[in-house]
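**Student:** Numbering (my numbering), first residue to last: 5 to 294.
#1: Just to confirm, are residue 64 and residue 263 a CB contact at a threshold of 8 Å?
#2: The alpha helix (DSSP H) spanning residue 137 covers which residue range?
#3: Can you tell me which of 227, 283 and 173 puts its alpha carbon nearest to the alpha carbon of residue 77?
#4: Within the continuous alpha helix (DSSP H) that includes residue 279, where are the two ends?
#5: Consult DSSP for residue 107 and reduce its assignment to one of helix, strand or coil.
#6: Hey, how far is the Cα of residue 288 from the Cα of residue 254?
#7: What number of angstroms, rounded off, separates the C-alpha of residue 146 from the C-alpha of residue 274?
#8: Leaving out five residues before and five after residue 98 in sequence, what residues of the same chain have Cβ atoms less than 6 Å from its Cβ?
#9: Tell me which residues share the same chain as residue 138 and place their Cβ nearer than 7 Å to its Cβ, disregarding the 5 neighbours each side in the sequence.
#10: Is it right to say residue 256 is buried, meaning 16 or more other beta carbons lie within 10 angstroms of its own, or is it exposed?
#11: According to DSSP, is residue 180 part of a helix, a strand, or is it coil?
#12: Output yes or no for whether 8 Å exceeds the beta carbon distance between residue 300 and residue 81.
#13: Closer than 6 Å by C-beta to residue 283: which residues in its own chain qualify, once you throw out the five before and the five after it? Chain order, please.
#14: Take the Cβ of residue 217 as the centre, count every other Cβ of all protein chains shown within 10 Å, and call the residue buried at 16 or more, exposed below.
Next up, the structure:
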């Protein structure tokens, strides 16, 4: 498995006390991604580097490339079609409550969770779920083996869909839990909307955060979709900044310009030779994640 280093500075900025929920913050920003390596953070700064009078707390994240290429960051915006457990096995998730497979391995019936909306108000139901899988099999994701096996997708009722494959494919369910290929997008985020072969023009999902502003190759501003839905959540906004140079990202971390580096990376970008030094710095937290 690839090794990923990440980092966050430990200072008590703006008179804010150190919080005891650092791991909660990290787990949230990592979403469901499986990373191995170091998480390096600033003490007392997670989600607090920018805090206004309304107690809106912003986590500033630096990454080496455009937001659109960072699966780890987009996991805050999108949910995956199926969930996945700690052992890497597909399980019912936020979008799908259960599924059944026919004996011949050609037909799958998915029961959808109710009461879920995309960030723009579009309903998550059989119509949007059917559209999504058709788009995956006919649009930009059709080269994926699992989606290329889809023959047809039908709406059974408002909360149930049926997928028929061209031939049995044992890894089909596993593929629907993939964070890289099965992040569920809204049919309205495509141009033209609801087309099954259109390109994505905006980031609209069902995740905890929605994209408020995006500047290609520079930044992305994420705001919590429903701040009142989770009183235990302390991060209200995520500010993603592109810093291509790994040494510059470490300097930004030390200067307090960003709160965390490394979590948006597929591979290690934190210079290995600086890890021991950061581990001994009382103003920096280094945590190993696996």
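Cβ coordinates follow ideal geometry from the N, Cα and C atoms, glycine included.
From a predicted model like this one, the values you see are computed outputs, not experimental measurements.
**Tutor:** Taking the definition as stated:
#1: yes
#2: 130-142
#3: 227
#4: Secondary structure note for residue 279: its alpha helix (DSSP H) is the uninterrupted segment 279-283.
#5: coil
#6: 11 Å
#7: 34 Å
#8: Shown here for residue 98: same chain residues with a beta carbon closer than 6 Å to its own, the five before and five after excluded, namely 83 in chain order.
#9: 157 and 200
#10: buried
#11: In the structure shown, residue 180 sits in coil (DSSP, three-state: anything other than H, G, I, E or B).
#12: This structure leaves residue 300 out entirely; the chain is present only between 5 and 294.
#13: 290
#14: exposed
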